[in-house]
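Please read the structure below before turning to the comments.
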DNA sequence: ACGCTCGTGTGTATGACATACACAGCGATG
DNA sequence: CATCGCTGTGTATGTCATACACACGAGCGT
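Protein chains in written order, with our numbering: chain A, 2 to 245; chain B, 2 to 245.
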C-alpha cells in the first residue's frame, strides 16, 4: 500500500513543497487545467484521456506518467475549481448572513462549473480547498452555542442542499436548452389526472409548476433561495432552542 | 418528431392498455426487470446492454427492438422501482408526521436501490410512479394554509434532500466497505491544520466527524434525521407564519 | 569515456461499451 | 400463394480506459 510515485492526495497537499519553475514538459497541473476547460465547455463526458492529451499536444498514454488514472483527474479538477473567495475568511457576526454569503459563493462556483455535480463520488473529497470551504462554513456558526456535531450537521445539510439543487438546476437547464422550455409544464398538465393525482392536479392548476421561462438566471436564484430560507429557519429554531 | 414505435413515456403511461398475456418473447418489462436485478447486485455500472441480453438469453441487439436505448432503460428502471406504498394514500392530519412517513418510505426505497442516485438525469422524470410520490407528498400539506407554490417548493426541498443524502450515504458506504472505515476520521484529523482550518480543527477535536463505525444501519438513519428535522422545523416556521 | 539507471514520452494492443445496419425467419393478412 | 411487418441475429464501427514494451536522453558513479 506504500506509494512510490506521489498519489493524488500527496500531490495536492505537497504542492507548496516543489513549485519552482514552469518546466516545458507535461505535468499534473497542465492536465488538470485542460480537463477543466474541456468539462466547462462540453460537460464531464467531454473529458476523456484522448481529448485531454490532444489538447496539450501529447499522446494519450503520456498522461499516465503524471496521473494515476481518470479518478485522480476528477479529484484534481474538483480541487482546482474550488478556490474559496477571500471575503469568506472573516465571517460576519450574524450567522445567518454568513451562511447566506457562503451559500451564494458556493452556488456561484457550482453554476460556473456545472459538471461538478456529475463527478462520481468515491468517498468524501478531502482536498485543501474542500476543507477550507468546510472550515469557513463552520466558522460562521461559531457564536451560535451549537455543539460541534450540530455545526457539522448544519454545514453538511446546507452543502448537500446546494449540491443537489445545482444538480437539479443543471438537469433542467439542459432539458430547457432544447425545444422543451415550457414543454415540461404542458406535459405535466396533460398527465396530471385528477383521479389518480388530486393534490398534484390542484398544484398544477394553481400554476405551482409553471416554469418562469422569462427571467432565467434571476429566477433560478430565487428557486434556490426558497429552500435555503426554509433550511436556515430550521437552523434558527435549533439555535434558539439551544440558547434557552 | 412523431414516433411510430411507442417511446418510453407512451409505454409507461399506456401500460394498462395492453397487458393481456405473458407472451414468450422479449419485451420491455423483462428488459427492465433484468436491468434492475443487475443494478441491485452490482451498481449501475453493471447494467450494460450485453449483460442484460445475456441474462435473458438473447443477443445484445435484440434489446433495441423493444427499447430506444440505454437512456430509456434507465427511465423504465426508475419507474419500476418507485412503487408507492399504500400507507401513503391517506396522509394523517398532522402534516409533519405525514412528511416524516413519506420521507421514511422514500428513504427505504433509495437504500434498497442505491443505484438510483447514480442515474444520469435528463430532465425531470415524469413517470406515473414519480408523479404519485409527488402527489402524496403534496397531499400531506393540504391543511397547512400554504400556497400551492409553497407546497411544491417544500416537496421539492424534502425530495431533493433525501436524494442527496442517499447519494452521500451510498458514497460513504462504498468507501467504508474497503479498509477505510475509520480512515476518513483519521485522515481528517491529520490534515486539519489548526492554522489553516481553525474551525474545522475544533470540530474534529470535539469528535464531530468521528464515524460511528459500530451501528451502521441505525446510525445512518439518524444522520439523515438531523437534516430532515431541521428542514421540517423550517417548514413549520413558514406554516405558522402563514397562519398568523 | 563507459555503461547504468531513471524519468518521460510513445505506439501498439486489449477488452468493454453503445449502437448502426443489413439480413433472416415467421406469422398474419391481402 | 405472395407479401409485409415484426422480431431476433451477426457483423461492424467508433469511443473509451488502460496495460505493456519500447525509445530516447540526462545524470550518475566508476
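Where a beta carbon is used, it is the ideal one built from N, C-alpha and C, also for glycine.
Computed from a prediction, not measured in an experiment: that's the story for all the values here.
Test item: CB-CB of residue 152 (chain A) and residue 51 (chain B) under 8 Å | Residue numbering aside, residue 152 (chain A) sits at position 151 when the first chain is read from its first letter. Residue numbering aside, residue 51 (chain B) sits at position 50 when the second chain is read from its first letter. Cβ atoms of residue 152 (chain A) and residue 51 (chain B): not closer than 8 Å.
Alpha carbon of residue 60 (chain A) to alpha carbon of residue 27 (chain A), nearest angstrom | One-based indexing of the first chain puts residue 60 (chain A) at position 59. One-based indexing of the first chain puts residue 27 (chain A) at position 26. Computed Cα separation, rounded: 11 Å.
Under 7 Å by beta carbon: chain A residues contacting residue 232 (chain B) = Position 231 of the second chain, counted from the start, is the residue given in the question as residue 232 (chain B). Near residue 232 (chain B) (Cβ distances below 7 Å), the residues of chain A are 231, 232, 235.
Alpha carbon to alpha carbon, how far is residue 138 (chain B) from residue 237 (chain A)?
-> In the second chain, counting from the first residue as 1, residue 138 (chain B) sits at position 137. In the first chain, counting from the first residue as 1, residue 237 (chain A) sits at position 236. In this model, residue 138 (chain B) and residue 237 (chain A) are separated by some 25 Å (Cα to Cα).
Put residue 53 (chain A) into one of helix, strand or coil per three-state DSSP.
-> As a working mapping, residue 53 (chain A) is identified with position 52 in the first chain. Under the three-state reduction of DSSP, residue 53 (chain A) is assigned to helix.
Is the stretch 132-148 of chain A touching the stretch 87-101 of chain A in the sense that three or more CB pairs, one from each, lie closer than 8 Å?
-> Yes, the stretch 87-101 of chain A is in contact with the stretch 132-148 of chain A.
Quick one: which chain A residues come within Cβ less than 7 Å of residue 203 (chain B)?
-> Counting from one through the second chain, the residue named residue 203 (chain B) turns up at place 202. In chain order: 149.
Any heavy atom of the ligand MN closer than 7 Å to the Cβ of residue 62 (chain B)?
-> Absence of the ligand MN is noted for the structure shown, with no ligands found whatsoever.
Grouping DSSP H, G and I as helix and E and B as strand, with all else coil, what is residue 102 (chain B)?
-> Numbered from 1 along the second chain, position 101 holds the residue referred to as residue 102 (chain B). Helix.
By how many angstroms is the C-alpha of residue 107 (chain B) removed from the C-alpha of residue 209 (chain A)?
-> As a working mapping, residue 209 (chain A) is identified with position 208 in the first chain. As a working mapping, residue 107 (chain B) is identified with position 106 in the second chain. In this model, residue 209 (chain A) and residue 107 (chain B) are separated by some 22 Å (Cα to Cα).
At which residues does the alpha helix (DSSP H) containing residue 38 (chain A) begin and terminate?
-> Numbered from its first residue, the first chain carries residue 38 (chain A) at position 37. Run containing residue 38 (chain A): 29-43, per the alpha helix (DSSP H) assignment.
Step through the CB atoms of chain A and report whether any lies within less than 8 Å of the CB of residue 162 (chain B).
-> Residue mapping note: residue 162 (chain B) aligns to position 161 of the second chain, counting from 1. Chain A contact via Cβ: present.
Taking Cβ to Cβ, would you say residue 68 (chain A) is nearer than 8 Å to residue 134 (chain A)?
-> To locate residue 68 (chain A), count along the first chain from 1; it is residue 67. To locate residue 134 (chain A), count along the first chain from 1; it is residue 133. No, the pair does not count as a contact, with Cβ atoms beyond the cut-off.
Measure the C-alpha to C-alpha separation of residue 35 (chain B) and residue 199 (chain B) and round it to an integer number of angstroms.
-> Here residue 35 (chain B) refers to the residue found at position 34 of the second chain. Here residue 199 (chain B) refers to the residue found at position 198 of the second chain. C-alpha separation (whole angstroms): 51 Å.
Measure from the C-beta of residue 152 (chain A) to each C-beta in chain B and report whether the shortest distance is under 8 Å.
-> Residue mapping note: residue 152 (chain A) aligns to position 151 of the first chain, counting from 1. Residue 152 (chain A) counts as touching chain B.
Start and end residues, alpha helix (DSSP H) containing residue 190 (chain A) = Position 189 of the first chain, counted from the first residue, corresponds to residue 190 (chain A). 184-192 is the extent of the alpha helix (DSSP H) around residue 190 (chain A).
At what residues does the alpha helix (DSSP H) containing residue 134 (chain B) begin and finish?
-> In the second chain, residue 134 (chain B) corresponds to position 133, counting from 1. Boundaries of the alpha helix (DSSP H) around residue 134 (chain B): 129-141.
Take residue 157 (chain B) and list the residues in its own chain whose beta-carbon comes closer than 8 Å to its own, dropping the five residues that flank it on each side.
-> On the second chain, residue 157 (chain B) is found 156 positions in, with the first residue counted as 1. Once the five neighbours on either side are set aside, residue 157 (chain B) has no close Cβ partner at all.
Beta-carbon separation of residue 131 (chain B) and residue 80 (chain B) under 8 Å?
-> Stepping through the second chain from its first residue, residue 131 (chain B) is reached at position 130. Stepping through the second chain from its first residue, residue 80 (chain B) is reached at position 79. Contact: yes.
Whose C-beta lies closer than 7 Å to the C-beta of residue 186 (chain A) among residues of the same chain, with five residues either side of it excluded?
-> By 1-based counting over the first chain, the position of residue 186 (chain A) is 185. 210, 211, 212.
Secondary structure at residue 69 (chain A), three-state DSSP: helix, strand or coil?
-> Locating residue 69 (chain A) in the first chain gives position 68, counting from the first residue. Coil.
Compare the C-beta of residue 185 (chain A) with all C-beta atoms of chain B and state if any pair is closer than 8 Å.
-> As a working note, residue 185 (chain A) is residue 184 in the first chain. Output row for residue 185 (chain A): interface = yes.
Does residue 41 (chain B) get closer than 8 Å to chain A when you measure Cβ to Cβ?
-> In the second chain, the residue the question calls residue 41 (chain B) occupies position 40. By this cut-off, residue 41 (chain B) is not an interface position.
Give a yes or no on whether 8 Å exceeds the smallest Cβ distance from residue 198 (chain A) to chain B.
-> Taking the first chain and counting its residues from 1, one reaches residue 198 (chain A) at position 197. Yes, contact with chain B.
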